[in-house]
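The numbers in the sequence shown follow the working numbering, run straight up by one, and end at 196.
Reading through the structure tokens given below for one structure.
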Amino acid sequence: MNSTPVIGVLALQGDVREHLIALAAADAVARPVRRPEELAEVDGLVVPGGESTTISKLAVLFGLMEPLRERIAGGMPVYGTCAGLIMLADKILDPRSGQETFGGIDMIVRRNAFGRQNESFEAGVTVTGIDSPVEGVFIRAPWVESVGAEVEVLAEHDGHIVAVRQGKALATSFHPELTGDHRIHELFVDMVRAER
1 MNSTPVIGVL
11 ALQGDVREHL
21 IALAAADAVA
31 RPVRRPEELA
41 EVDGLVVPGG
51 ESTTISKLAV
61 LFGLMEPLRE
71 RIAGGMPVYG
81 TCAGLIMLAD
91 KILDPRSGQE
101 TFGGIDMIVR
111 RNAFGRQNES
121 FEAGVTVTGI
131 DSPVEGVFIR
141 APWVESVGAE
151 VEVLAEHDGH
161 IVAVRQGKAL
171 ATSFHPELTG
181 DHRIHELFVD
191 MVRAER
């Protein structure tokens with residue numbers, strides 16, 4: 001059996017191309033996912049950054065909201081960055097009107113917690129399971145306010161949780177796909193491979 005996992009990138013909005021490149025560099029077959037039938041063909045999924053309210057609306061529009069919730073609840077490995085972290089949260093502290101999430105991680109998140117676009121920054125982030133700090137790019141980044149008992153906190157920055165894992169779901173507040181450091185994508189590809 002081919003051990004190379006097929007990993008989709010939710011291609012509704014955000015850093016789709018950068019995630020496809022990072023996943024390919026991490027030894028996965030990477031594909032954009034826009035329709036339920038494309039979702040059905042992947043072993044795992046990356047939910048990229050962008051604008052979480054827009055991703056929520058487009059997921060409903062493209063008929064992906066319920067299939068995504070079902071696949072995530074059913075154990076499909078999933079990785080969310082920035083807005084993707086928000087989309088994987090079971091609860092948003094300050095949701096926009098009508099905003100929905102896919103769920104999958106027992107956490108409460110705060111949108112745009114690190115500030116506006118012009119307050120974006122880069123910082124070294126020490127992530128559990130990765131031997132040296134990764135360069136985190138924080139762009140209107142959320143943080144995790146609190147987590148449930150099943151959630152492992154993988155990283156903090158300035159006293160705030162910025163990376164978590166619960167079972168087969170991984171999420172970071174920052175954008176590793178923008179740095180050329182593919183170690184978090186490699187961690188996710190290993191999670192997907194372990195499920196095949």
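All C-beta atoms in this analysis are idealised placements derived from N, C-alpha and C, irrespective of residue type, glycine included.
Source: prediction; values computed, not measured.
Chain-order list of residues whose beta-carbon lies under 6 angstroms from that of residue 146 (same chain, five-residue window excluded): For residue 146, where only same-chain residues beyond five positions count, the Cβ hits under 6 angstroms are 108.
Whose C-beta lies closer than 7 angstroms to the C-beta of residue 96 among residues of the same chain, with five residues either side of it excluded? Cβ neighbours of residue 96 beyond the five flanking positions: 53.
Residues bridged to residue 91 (per DSSP): Paired residues: 108.
Residue ranges of each alpha helix (DSSP H) within the segment 17-41, 4 or longer: Fully enclosed alpha helix (DSSP H) runs of 4 or longer: 36-39.
The segment 175-193 touching the segment 6-20, judged by at least three CB pairs closer than 8 angstroms: In short, these stretches touch, since the Cβ pair count reaches three.
Considering only residues of the same chain and omitting the five flanking positions on each side of residue 64, which have a CB-CB separation below 7 angstroms? Counting only Cβ-Cβ distances below 7 angstroms, and skipping sequence neighbours, we find 36, 39.
Pull up the CB-CB distance for residue 102 and residue 88, whole angstroms please, since I reckon it's below 8 angstroms. Sure, about 6 angstroms apart at Cβ, within 8 angstroms.
Sub-8 angstroms separation of residue 30 and residue 9 beta-carbons: Contact flag set, yes.
Have a look at residue 110 and residue 160 and give me their C-alpha separation to the nearest angstrom. Using only the alpha carbons, I get a separation of about 11 angstroms.
Cβ neighbour criterion (16 or more within 10 Å) applied to residue 74: The residue is exposed, with fewer than 16 neighbouring Cβ atoms inside 10 Å.
Length-filtered (3 minimum) beta strand (DSSP E) runs lying within the segment 35-87: Here the runs fully enclosed are 44-47, 78-81.
With burial defined as no fewer than 16 other Cβ atoms inside 10 Å of the residue's Cβ, what is the status of residue 117: buried or exposed? Exposed: under 16 other Cβ atoms inside 10 Å.
If you measure between the beta carbons of residue 42 and residue 6, is that distance less than 8 angstroms? For the 8 angstroms CB-CB criterion, residue 42 and residue 6 form a contact.
Anyone know if the C-beta pair for residue 127 and residue 84 falls short of 8 angstroms? No, Cβ-Cβ distance for residue 127 and residue 84 is not below 8 angstroms.
Given this structure, state the Cα-to-Cα distance separating residue 149 from residue 68, to the nearest angstrom. Using only the alpha carbons, I get a separation of about 24 angstroms.
Cβ-Cβ separation, residue 181 to residue 152 (assumed contact under 8 angstroms), whole Å: Contact flag wrong, Cβ pair sits at about 21 angstroms.
Can you list, in chain order, the residues of its chain with a C-beta nearer than 6 angstroms to that of residue 139? Leave out the 5 residues immediately preceding and following it. So the list reads 120, once near-sequence residues are dropped.
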